[in-house]
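Taking it in order: structure first as structure tokens, then the write-up.
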Amino acid sequence: MCSQMVYKIQWSSEFHSASFFLLFLRNMVLQQNKVIAPWLALLTIFHTSAVVLPASLIALALELINHVTGRSRRLLAAKPIPRKIVITGAASGIGENVALRYVTDPKYKGAASEQAGGLHLILLDLNEQRLATVADVCIKNGVKVETKVIDVTDAEAMNEYLLDVDDRVGGIDLVWANAGVVATMAGTPTASGKRESTLKQRLDLVIKVNGMGVLNTITPLLDRFKERKRGHLAITASLASFFIFPQVTGYSVSKRMVYRLGRDLSVVLKPYNIDVSVICPGFVDTPLVQDASKNLPNNQKIPFQLNVDSAGKIVKRALDERQEVLMFPWFTIIGSYLMNITPDWLVNWMWKNANFNWDTSG
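Right under this line is the structure:
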């Protein structure tokens, strides 16, 4: 619990405050603004020591007090348990794992749960075969499930479907925008099994799915959540949005976009009792990360991968607790933070001999 709180409070504070000033300072130095740079250095030190660190420690102390006294549990108990849940990207990876965790969650078992309507999962993906497999597991466990093969980049189709399903089930409780792609999924498959695509095609696909796909998923029901004065939105961003990884530029850009979207919406929607969770995984052993590995030179494997079952457990808990920000695992957080504050010239030097493949970059 404590480690999760540190991820949620301290690291997000560091990213937003100290890193911003350090990056600003570095740019000033690079521009040879020798008059302002020393003052910015002092301001950075003061801001980090007098604002960021105390605020993080106070927030962490309050979270610990709430946890020890049981206030966190009481506040969470006051929130209705989500029973009608929409998950995009539910056919594989973290989305599939979390969906199946809902199926086996004791909260949704027994007569009391059935009397309250039980659990109803609405699972969306483009992979019809995999989606059917996940649905079969749900049905065998006595869970109501509805699947839909749909493209999250189709704004009209997403809007029409989500409004319709909201009417049919009597109001969605949780919408999790989890669908995502990497550049290697773009283009047309060849006889060899590889895909041929241009850089623009790859960037278009990644930014449309990871960026606009999230918008198309969370916006249709916003007005209804506001009217009901309840609801929970979740967005899958990524730790990749916090550091430079040239081979997956489109992925990093799109994930940074939805991270910022989620954080801002959290403030805007709080007065209406609507919770927003932003989930920032590191490298998890999923089909998406396996595809991303194709971008690496010499067929290298992406290091420091967390297994999908561990990731699913962490994400499910964060959704249950309605955490505003979840970043994991800890070792990737540290690497992301260090990369984020490293001068550009040093980062460029580190990537200089990487031998990236132009045909898969994006």
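Going left to right, the sequence shown walks through residues 2 to 363 as the numbering used here numbers them. All C-beta atoms in this analysis are idealised placements derived from N, C-alpha and C, irrespective of residue type, glycine included. Just so you know, these numbers come straight off a predicted model, no measurement behind them.
Query	Result
CA-to-CA distance, L240 to I334, given in whole angstroms	7 Å
Three-state secondary structure (DSSP) of P282	strand
N341 to F244 span [Cα, whole Å]	5 Å
Alpha-carbon to alpha-carbon, V269 and Q306	34 Å
Beta-carbon spacing of A158, L124 below 9 Å	no
Helix, strand or coil at K149 [DSSP, three-state]	strand
Cβ-based burial, W346 [other Cβ within 10 Å; buried from 16]	exposed
Buried versus exposed call for F47 [16 or more other C-beta atoms within 10 Å across all chains shown]	exposed
Separation of I86 from L122, as counted between CA atoms	5 Å
Cβ-based burial, A51 [other Cβ within 10 Å; buried from 16]	exposed
Assigned secondary structure, M351 (DSSP; H/G/I helix, E/B strand, else coil)	helix
Three-way DSSP call (helix, strand, coil) for F1 in this model	Coverage of the chain is limited to positions 2 through 363, which leaves residue 1 absent and any answer about it impossible.
Closest Cα partner of P221 within the set V138, L65, S267, V166	V166
Simplified DSSP state of L200, which is helix, strand or coil	helix
CB contact check: Q202 to chain B, cutoff 9 Å	Any reference to chain B falls outside this structure, which holds one protein chain only.
Cα-Cα separation, R102 to C139	10 Å
Delimiting residues of the beta strand (DSSP E) encompassing M328	326-329
Option in P81, I275, A319 with minimal Cα separation from T237	A319
Residue environment, M351, which counts as buried when at least 16 other CB atoms sit within 10 Å	exposed
Contact set for V309: own chain, Cβ-Cβ below 7 Å, skip 5 residues either direction	G94, I95, N98, V285, D286, T287
S18 to L200 span [Cα, whole Å]	Its pLDDT being 46, under 50, S18 is placed unreliably by the model, and the measurement read from it follows with that caveat. Answer to the nearest angstrom: the Cα atoms are 34 Å apart.
Nearest residue (CA-CA) to I1, options S253, D155, L234	In the structure as shown, the chain begins at 2 and stops at 363. Residue 1 is therefore absent and cannot be evaluated.
Residue from G212, A133, R225 with nearest C-alpha to A156	G212
Straight-line gap, Y252 to V210 (C-alpha atoms, nearest Å)	10 Å
7 Å CB neighbourhood of G181 in its chain, flanking five on each side removed	G90, V210, N211, T237, L289
Per-residue burial, Q324 [other beta carbons within 10 Å of its own, 16 or more giving buried]	buried
Bridge partners - T237, DSSP secondary structure assignment	I280
Rounded C-alpha distance that separates M258 from L327	16 Å
One or two residues paired with H121 in a DSSP bridge	K85, K145
Euclidean distance between Cα positions of K108 and V348	47 Å
Terminal residues of the beta strand (DSSP E) in which L175 lies	175-178
Classification of Q130 by the beta-carbon crowding that lies within 10 angstroms, buried from 16 upward	exposed
Residue burial classification, W40 (beta-carbon count within 10 angstroms, cutoff 16)	exposed
Contact check, G232 vs N274, beta carbons under 9 Å	yes
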